[in-house]
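Report on the structure given below.
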């Protein structure tokens, strides 16, 4: 867990799961447990609290014991919509986001992002695996809630485009294998 800076972990489980045939990916079993349970286990020691963004099966997600928030618009507008909602709901200094389908992300991810934020003063810090930015693994200042909502209201859906408008830094994090997500049944 981080030192004095309060960080809330936000698990993004609000998608349609189209590459998995439309199933709710966070609730798909992997090694005998739901993917979201794996994410919670990995994230919990790194943060002060957890929130979940989900647009269906809210009751099932609530059974994991953490607050669940739906997007303001139930049109499945993508991760930016989930992030915008979570930024408005948290009361910690920062929100760190993860997708619901990447159970092997680094166990020091939050510390790396937070260290880089302290070094740079950036409003957001995105994980970079040495090959590319991992946009769903980003630390955001809570004060970015209005910026996220404005981007969404203007029609923006691409997270990376919103990132271009931010005071953004990158944190180098171990290789891309740590960020392998489970997009299809074959990946499970």
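Residue numbers (the numbering used here): 1 to 188.
Cβ atoms here follow ideal geometry from the backbone N, Cα and C, with glycine treated the same way.
Note on geometry: alpha-carbon atoms of residue 91 and residue 10 lie some 12 angstroms from one another. The beta-carbon distance between residue 54 and residue 105, rounded to whole angstroms, is 19 angstroms. This is too long to meet the 8 angstroms contact definition. Distances from the CA of residue 162 to each of 172, 109, 138 were compared; the closest alpha carbon is that of 138. Boundaries of the alpha helix (DSSP H) harbouring residue 40: 35–43, taken from the DSSP string.
Per the C-alpha coordinates, the member of 85, 130, 115 positioned closest to residue 12 is 85.
Residue 96 is a Cβ neighbour of residue 7, given a cutoff of 8 angstroms. Note that the region 28–41 touches the region 100–116; at least 3 beta-carbon pairs, one per stretch, sit closer than 8 angstroms.
For residue 128 and residue 56, the gap between their C-alpha atoms comes out near 30 angstroms.
For a cut-off of 8 angstroms, the C-beta gap from residue 5 to residue 93 is around 5 angstroms, short enough to register as a contact.
In this structure, DSSP gives residue 26 a helical state, which the three-state scheme calls helix. Of 52, 132, 24, 153, the smallest CA-CA separation from residue 67 is found for 52.
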